[in-house]
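A.B. asks: Residue numbering for the sequence shown follows the UniProt record's numbering, beginning at 1 and increasing consecutively. All C-beta atoms in this analysis are idealised placements derived from N, C-alpha and C, irrespective of residue type, glycine included. Nothing here was measured: the structure is a model prediction, and the numbers come from that model.
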Amino acid sequence: MDASQYYPTVASKLTFMAIELDQVEYGTKSGYRMVLDSNHFSLSHALRYSLANARNLMLYVQEGTPFVIDKIYILNVTSGTERVYSMLKPFMSASLINKIIIKSVSKTNEFIKTLPQTIVPKDYGGLAPIMKETNEILKKKLLDNRDYFLDEEKLRNGCVKDEVDTTVGEDDKDNINSFKNLSID
Numbered sequence: 001m002d003a004s005q006y007y008p009t010v011a012s013k014l015t016f017m018a019i020e021l022d023q024v025e026y027g028t029k030s031g032y033r034m035v036l037d038s039n040h041f042s043l044s045h046a047l048r049y050s051l052a053n054a055r056n057l058m059l060y061v062q063e064g065t066p067f068v069i070d071k072i073y074i075l076n077v078t079s080g081t082e083r084v085y086s087m088l089k090p091f092m093s094a095s096l097i098n099k100i101i102i103k104s105v106s107k108t109n110e111f112i113k114t115l116p117q118t119i120v121p122k123d124y125g126g127l128a129p130i131m132k133e134t135n136e137i138l139k140k141k142l143l144d145n146r147d148y149f150l151d152e153e154k155l156r157n158g159c160v161k162d163e164v165d166t167t168v169g170e171d172d173k174d175n176i177n178s179f180k181n182l183s184i185d
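(1) Short check: CB of Lys99 to CB of Phe67, under 9 Å?
(2) Cβ of Thr108 within 9 Å of Cβ of Asn76?
(3) Reducing DSSP to helix, strand and coil, say where Met17 ends up.
(4) Have a look at Ser95 and Gly126 and give me their C-alpha separation to the nearest angstrom.
(5) Return yes when the Cβ of Asn145 is within less than 9 Å of the Cβ of Val24, no when it is not.
(6) Taking only three categories from DSSP, how would you classify Met34?
(7) State the DSSP-derived secondary structure class of Lys71, mapped to helix, strand or coil.
(8) Mind checking Leu143: buried by the 16 CB within 10 Å criterion, or exposed?
(9) Classify Ile112 as helix, strand or coil using the three-state DSSP reduction.
(10) Please list, in chain order, all residues of the same chain as Ser38 whose beta carbon is under 8 Å from its beta carbon, the five residues on each side excluded.
(11) Looking at the strands, I want to know which residues DSSP matches up with Pro121.
(12) Throw me the rounded Cβ distance for the Val84 and Ala46 pair, which I believe falls under 8 Å.
(13) Would you please state the rounded distance, in angstroms, between the beta carbons of Ala18 and Ser44? I believe it to be under 8 Å.
(14) Using the Cβ count rule (16 or more neighbours within 10 Å means buried), how would you classify Lys103?
(15) Who does Ile102 pair with in a DSSP beta bridge?
(16) Are the CB atoms of Leu88 and Met58 nearer to each other than 9 Å?
(17) Using only the alpha-carbon positions, how far apart do Gly31 and Thr65 sit?
(18) Expressed to the nearest angstrom, what Euclidean distance is found between the alpha-carbon atoms of Lys141 and Glu110?
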């Protein structure tokens, strides 16, 4: 992928949306194991991360995600991946650092053989559909649920008003003040 077309915050948001959609469709899980292939991730991609983005991403991953991360496997580690990891690491808790497992290019094939082949894409020698097909299915699911995510974003950003009117009218102000003087034995 061309680095000029890579937007780290968008990539992160899409990842979290995919996990949220999985939870909506199949329920919560005890933990997610994420497998990230950094084969085509170059130094140019790494330079697209800002320090503020890195800090916010790590804050969200550790404090805000509505799911538990069990492990994060990073495969085919490149210099770009190492650069991003070193930028993110100061913002990571020891607990998160211990969940990250980095595999060099030479160790990636060995690791893939340990996974159930039914979940490994054909591109990697497994039995699951190729990544392009899986990505298209995910893209369609996300687009099919576009309205859900737009409504959810409005709700999370406080753009949705309460359905109940909680404003106090002039006639009711005297009643509220009388509660301040109420004594209970």
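C.D. replies: Put simply:
(1) no
(2) yes
(3) helix
(4) 31 Å
(5) yes
(6) strand
(7) strand
(8) exposed
(9) helix
(10) Ile74, Leu75, Asn76, Val77, Thr78, Gly80 and Thr81
(11) Ala128
(12) 5 Å
(13) With 8 Å as the limit, Ala18 and Ser44 do not qualify as a contact, their Cβ atoms being about 25 Å apart.
(14) buried
(15) Ile74
(16) yes
(17) 12 Å
(18) 32 Å
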